[in-house]
Amino acid sequence: MSVRAFDVAIVGAGPAGSALALRLARAGARVALIERQRERAFRVGETLPPAIAPRLQRLGVWDRFIDMRPRASDHMLSSWGAAELQSQSFIAHPHQHGWQIDRARFDAMLAQAAVDAGAVLHAGCRVRGLDGDGAAGWRLQIEGSEAALHARWLVDASGRSARMAARLGSERIRIDDLIGVALLFAGGDEGGAPRGPMIEAVRDGWWYAARLPGGEELAVFMTDADLLQGGGDPTDFALGRLAAAPHTKRRVQDLRPPSRASVWPAASQRLACAAGAGWLAVGDAALGRDPLSSSGIDFALASAELACATLVAAQSGDEAAIARYAAAIARDFDAYRALRAQFYALERRWPDAPFWARRVSGAQRGSEVDAGFEPAAQIG
Ligand SMILES: Cc1cc2nc3c(=O)[nH]c(=O)nc-3n(C[C@H](O)[C@H](O)[C@H](O)COP(=O)(O)OP(=O)(O)OC[C@H]3O[C@@H](n4cnc5c(N)ncnc54)[C@H](O)[C@@H]3O)c2cc1C
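For the sequence shown, my numbering begins at 2 and goes up steadily by one.
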């Protein structure tokens, strides 16, 4: 079997993995980017805050981003803590616009930018076997390929499942069981008046709605997994819950409802340790945020920036760089967790409802460890 040599193998070509591959390739590293999807399918995670602009500019992909024709929004709407809808303008923000994107296209754009910079993309591939350690580097066997990869550094960019980190023994610490049940309504206008994204709190959770660049309206019901489990079919469950969300219902009432909902894990979580000898995790794999923050992609790009500097420093002999990275992620989670608690505490209309009681009283999962998701002999 032939073995191809790389400096860094990155598992997962979402925003975090592709941004890191792009930065490392530009810095002259030989980078393998391994992505299990061959074609990018629809996915949620489409709202970008104004602060994303400098992040994309620093990454050198701003022109590609604008070429995707993202939908600009100059405000956001919320019914949170009160039944009335309030509008918050971005006008005072230095970058003035948030954005709604076609998420599959955005992810493909970043992966292509990494390839153009010299990274080697293995699309439609999973890692089947992993041997090695931090000292000698890693040997990865790719499903469906005779060739194996050897890399000095391994990066877990596989998203919330954090598959490689789990394989290396780092456990996920989850503080809730949030999920999103997504409904994609068709028939909206492609251009039309700017329509800001919206959040609406309800008794069992909260909704968010966003108008996508193609004109579809995405409405996602965020709730806890156990509250969905009692509710039967997810599509009927979510469509039924719309009745209790008058603002969200109004946005979709003239559109064509979907025949099927999709369900997305959205727990707030972090790895017990986000880096170790010869490896580190970026993006959701390191730290998964509540979509309420609309900052998952921003964090994915930020962690890629920090991870690139960390790997360059470690490669040059800075032995403390990896430990500093892990500590920075842990600190970031503490700060995020405090902000999240403040935001949920603003909603006091349903103190007895389980969804809010768990968050507002702090009666959450605490620091429960969840590590039982990795098939013993196979990664991916
Ligand atoms: C309901 C919901 C709504 C959200 N809304 C927003 C929002 O509006 N704005 C925002 O900024 N964020 C939002 N997020 C969060 C955002 O989607 C994530 O933070 C972001 O996708 C993280 O990027 P990532 O690259 O770390 O992980 P991902 O985007 O999850 O990418 C991981 C990649 O790894 C691949 N992969 C996984 N396992 C393997 C494997 N074994 N081998 C090879 N490849 C693998 C996957 O196919 C995927 O391409 C939302 C999340 C949810 C659940």
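Just so it is clear, CB atoms sit at the ideal spot from N, CA and C, and this is done for glycine as well.
Residue i in three-state terms, based on DSSP
| i | result |
| --- | --- |
| Gly241 | helix |
| Leu219 | strand |
| Phe300 | helix |
| Ser3 | coil |
| Val361 | helix |
| Leu86 | coil |
| Leu347 | coil |
| Ile10 | A small correction: the amino acid at residue 10 is Ala; Ile does not occupy that position in the sequence shown. Three-state result, Ala10: strand. |
| Asp333 | helix |
| Asp234 | coil |
| Asp227 | helix |
| Gly15 | coil |
Which listed residue (the options) has its alpha carbon closest to that of residue i
| i | options | result |
| --- | --- | --- |
| Ala148 | Leu272, Ser79, Ala301 and Val4 | Val4 |
| His123 | Ser296, Arg37 and Val313 | Arg37 |
| Ala226 | Pro352, Val182, Met199 and Pro258 | Val182 |
| Asp68 | Leu347, Arg106, Arg56 and Ala33 | Arg106 |
| His151 | Ser88, Gly160 and Arg140 | Arg140 |
| Gln270 | Pro292, His98, Asp64 and Ala278 | Pro292 |
| Ile296 | Ala54, Gln58 and Ala14 | Here residue 296 is Ser; the residue named in the question, Ile, does not match the sequence. Ranking Ala54, Gln58 and Ala14 by Cα distance to Ser296 puts Ala54 first. |
| Pro235 | Gln101, Ala202 and Ser263 | Ser263 |
| Ala83 | Trp207, Arg242 and Arg164 | Trp207 |
| Asp205 | Leu179, Ala308 and Arg65 | Leu179 |
| Ser1 | Arg212, Asp103, Ser80 and Ile35 | Residue 1 is absent from the structure shown; the chain starts at 2 and stops at 381. |
| Ala305 | Leu25, Ile200 and Gly46 | Leu25 |
| Ile11 | Asp335, Leu34 and Arg27 | Leu34 |
| Arg168 | Met223, Ala239 and Leu155 | Leu155 |
| Met1 | Ser294, Val283 and Asp333 | This structure gives no information on residue 1, because the portion of the chain shown stretches from 2 to 381. |
| Glu85 | Pro214, Glu201 and Trp351 | Glu201 |
| Arg325 | Leu312, Arg104, Gln58 and Asp335 | Leu312 |
| Gly277 | Trp63, Ala308, Arg252 and Ser294 | Ala308 |
| Ala112 | Gly15, Pro71 and Asp132 | Gly15 |
| Ile102 | Gly46, Arg56 and Trp81 | Gly46 |
| Asp190 | Gly197, Ser146 and Glu218 | Glu218 |
| Ala339 | Ala275, Pro352 and Arg360 | Arg360 |
| Phe7 | Thr249, Asp157 and Gly138 | Gly138 |
Rounded Cβ spacing between residue i and residue j (contact assumed at less than 8 Å)
| i | j | result |
| --- | --- | --- |
| Ala118 | Leu23 | 5 Å |
| Gly135 | Trp280 | 7 Å |
| Ala286 | Ser159 | 5 Å |
| Ala20 | Leu49 | That pair is no contact at about 13 Å. |
| Ala268 | Glu172 | No, Ala268 and Glu172 are not in contact; Cβ-Cβ is about 14 Å, not under 8 Å. |
| Met199 | Ala187 | No, Met199 and Ala187 are not in contact; Cβ-Cβ is about 18 Å, not under 8 Å. |
| Ala322 | Ala315 | 4 Å |
| Ala30 | Val9 | 6 Å |
Closer than 8 Å to chain C by CB, residue i
| i | result |
| --- | --- |
| Glu47 | Absent from the structure is chain C; it holds one protein chain and no more. |
| field | Residue ranges of each alpha helix (DSSP H) within the stretch 89-135, 4 or longer | value | 104-117
| field | Continuous beta strand (DSSP E) assignments of at least 3 residues falling wholly in the stretch 244-312 | value | 263-266, 270-272 and 280-282
| task | Jot down the residue ranges of each uninterrupted alpha helix (DSSP H) in the stretch 138-214, minimum 4 residues, whole runs only, in chain order. | result | 164-168
| task | Return the chain-ordered ranges of every beta strand (DSSP E) run that is complete within the stretch 18-74 and spans a minimum of 3 residues. | result | 32-36 and 72-74
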